[in-house]
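These notes are about the structure you will find just below.
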Amino acid sequence: MGLTGTSCTTDFLDVESPDKVFVDEYYNSDARIFEALVAAYDPLKWFDYAWGQYTHIGLVSDVMADDVYVGGADENDCIYLHRMFNYNALPTSVVSDLWTTFYSGVNRSNVVMENIENVIDISNENKALYTAEAKVLRSFYYTWLWKLWGNIPYYEQNLAFPYIHEQSTADDVYNGIITSLEDAIDNGGLPMRTTAQWYGRVSKAMAYMLYTEVVMYQQDESRYSKALSYMEEIIASGSYALVDDFASIWEEAGEWNPESIFEINYVSTAGKRAWDNATGAGGSIYPKFIGINNLGGSPDYEGGWGFEPVRVETYEMYDEADERRDGGILNFAHYALSTGATYSGRYQDTGYFLRKYLPRVGGNAGHAAVADMNYNNNFRVYRYAETLLYASELLVRGISGKGTAQNYLNEVRGRAGLGNIPATLDNIMQERRLEFVGEGKRYWDLVRTGKATTVLVPDGQYRTNSWTTNKKHLPIPQNEIDAAQGTLTQNNY
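First residue of the sequence shown? That's 1497 in the working numbering, and the numbers climb one at a time after it.
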């Protein structure tokens, strides 16, 4: 049972229903509290689609930045994404499904912590481990709520009817997230890297990456030293290393490779996801969503709906020798010359596509429900390359460490086939852009470094509005405002 370790797996068990059994009596053994823990992982796979909206967290982040367009049929196709792209989201047209998904994850994580102390048939080691995993998961869910909406209800015990909790400030939410993470790291016995059997579970390295992401986004200089120590502990552990071939990372065989710190697992075999069962175990709809419209003659990729076309200037920003350019982005004109492939462009078409997550031929093989919803592309959340770049950045920011900013930057560029450049803050941030196109990093980097106001401006074609500081937090979904009975104040978006 549980989180099996084969590549591209999310074989989460179906939690036994505690019908006619009081909850505090049901969670009375290691096996049953582990069911609750597995259930806390389950919402991770709903980030692409669950309640009717297409809300992949990489896509949602990147459409607010400057590397991709939204695409689709026209500007009204998934209009909430187009509004976010143009910084005119509405409380009634925003990624409200993510609010539901994230709080589902918070709720399930809390269930573990609320009941584990009552379990007698469990070792102290597993009790500490499960508690740490639940705390990190809860922090992960809250981090996304915090980044997207800022001022949200933050609670560590599940709510009773009528399920209303006071609104916290963004700073208070940060304090809750970081305190919970520190406790999980210090007391949980998390392994630096999980064994293959448990790929997909939280590791110490994953917790370290989440911690550093949150600290850097908050610009909490009081914790920079600890963040650097965590990055250098990952580096010194020998548990992770860059792979030689950047393009190989994005294939099924590249899942959970030596540089993979955390992935959200998807599986096609026996995949149960369907339009009427979007939260079922199985694969992802995201590859189909960004796939190439009316694709024909391709031996490598299956077609899709034409969302998230990569901008021309994104492709052209790379040095021709940079292996990340064609390893991560498909230049269709070049591809057609070698394969004879054809396609039909959709809205905002550029001829460039996010190769990293395009649907591969056979990528939904063995599904048991809807083919389009069960592709086996894992989502890479944290990679070792980001560890090196965080370490380099923190050293440049003046924190003392064991290594050098230059060496860490050189390692990332060397793998890409490039020579050395000075380890300046601007160069490191540009390296992050080159490394993580389509991985949902760029927008948050622009916001945290204060560059969003000068970079995210009208593009003379599709984006007509500029990002301003009040756009940092999206409008809270109107249905949540209505349900809160006056306890939620709308963000000044």
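Where is the CB? At the ideal position from N, CA and C, for every residue including glycine.
Keep in mind that this is a model prediction, so the values were computed, not measured.
Helix or strand or just coil, what does DSSP make of residue i?
{"i": "Tyr1848", "result": "strand"}
{"i": "Glu1759", "result": "strand"}
{"i": "Glu1512", "result": "In this prediction, Glu1512 scores a pLDDT of 46, lower than 50, which makes its location untrustworthy; no coordinate-derived value is stated."}
{"i": "Leu1952", "result": "coil"}
{"i": "Leu1676", "result": "For clarity, residue 1676 is Ser in the given sequence; the question names Leu instead. Looking at Ser1676 - three-state DSSP - the assignment turns out to be helix."}
{"i": "Gly1913", "result": "coil"}
{"i": "Ile1575", "result": "helix"}
{"i": "Pro1783", "result": "helix"}
{"i": "Thr1506", "result": "Caution applies to Thr1506, whose pLDDT of 39 falls short of 50 and renders its modelled position unreliable; the value that the coordinates give is listed next. Coil."}
{"i": "Gln1663", "result": "strand"}
{"i": "Tyr1713", "result": "helix"}
Considering only the alpha carbon of each residue, which of the options lies closest to residue i?
{"i": "Ala1912", "options": "Asp1922, Thr1920 and Glu1931", "result": "Glu1931"}
{"i": "Arg1856", "options": "Ser1794, Ala1817, Glu1812 and Tyr1904", "result": "Ser1794"}
{"i": "Ser1619", "options": "Ala1527, Tyr1599 and Asn1790", "result": "Ala1527"}
{"i": "Ala1439", "options": "Thr1675, Asn1606, Ala1624 and Ala1630", "result": "In the structure as shown, the chain starts at 1497 and stops at 1989, and residue 1439 therefore has no counterpart that could be examined."}
{"i": "Gly1750", "options": "Ser1600, Val1710 and Asn1874", "result": "Asn1874"}
{"i": "Val1711", "options": "Ile1673, Asp1740, Ser1733 and Val1519", "result": "Ile1673"}
{"i": "Asp1822", "options": "Gln1902, Arg1851, Ser1635 and Leu1890", "result": "Arg1851"}
{"i": "Asp1667", "options": "Gly1684, Glu1571 and Ile1648", "result": "Ile1648"}
{"i": "Pro1754", "options": "Leu1833, Arg1689 and Thr1596", "result": "Arg1689"}
{"i": "Thr1596", "options": "Ile1612, Ala1561 and Gln1549", "result": "Gln1549"}
Roughly how many angstroms lie between the CA atoms of residue i and residue j, to the nearest whole one?
{"i": "Asn1582", "j": "Thr1775", "result": "30 Å"}
{"i": "Ala1980", "j": "Glu1678", "result": "30 Å"}
{"i": "Val1556", "j": "Asp1617", "result": "42 Å"}
{"i": "Trp1746", "j": "Gln1663", "result": "40 Å"}
{"i": "Ser1589", "j": "Tyr1848", "result": "28 Å"}
{"i": "Arg1579", "j": "Val1806", "result": "18 Å"}
{"i": "Gly1696", "j": "Ile1760", "result": "6 Å"}
{"i": "Gly1684", "j": "Ala1732", "result": "20 Å"}
{"i": "Asp1544", "j": "Ile1781", "result": "7 Å"}
{"i": "Leu1891", "j": "Ala1901", "result": "6 Å"}
{"i": "Val1943", "j": "Tyr1523", "result": "43 Å"}
{"i": "Ala1861", "j": "Val1808", "result": "33 Å"}
{"i": "Asn1773", "j": "Ala1865", "result": "9 Å"}
{"i": "Glu1882", "j": "Thr1965", "result": "26 Å"}
Measure the Cβ-Cβ separation of residue i and residue j and say whether it is below 8 Å.
{"i": "Gly1802", "j": "Arg1842", "result": "yes"}
{"i": "Phe2065", "j": "Val1877", "result": "Residue numbering for the chain in the displayed model covers 1497 to 1989; residue 2065 lies beyond these limits and cannot be assessed."}
{"i": "Thr1838", "j": "Gly1792", "result": "yes"}
{"i": "Ser1764", "j": "Gly1787", "result": "no"}
{"i": "Pro1954", "j": "Tyr1853", "result": "no"}
{"i": "Val1698", "j": "Glu1629", "result": "yes"}
{"i": "Leu1533", "j": "Tyr1638", "result": "no"}
Tell me whether residue i is buried or exposed, calling it buried when 16 or more other Cβ atoms sit within 10 Å of its Cβ.
{"i": "Thr1920", "result": "exposed"}
{"i": "Ser1503", "result": "Low per-residue confidence applies at Ser1503: pLDDT is 39, beneath 50, and the placement is therefore not dependable enough to give any value."}
{"i": "Trp1771", "result": "exposed"}
{"i": "Asp1510", "result": "Its pLDDT being 38, under 50, Asp1510 is placed unreliably by the model, and the measurement read from it follows with that caveat. Asp1510 should be labelled exposed."}
{"i": "Asn1870", "result": "buried"}
{"i": "Pro1918", "result": "exposed"}
{"i": "Val1632", "result": "buried"}
Looking at the ligand SAM, does it come within less than 7 Å of residue i, judged from the CB to the closest heavy atom?
{"i": "Ile1612", "result": "Judged by which ligands are present, the structure shown has none, so any question about the ligand SAM falls away."}
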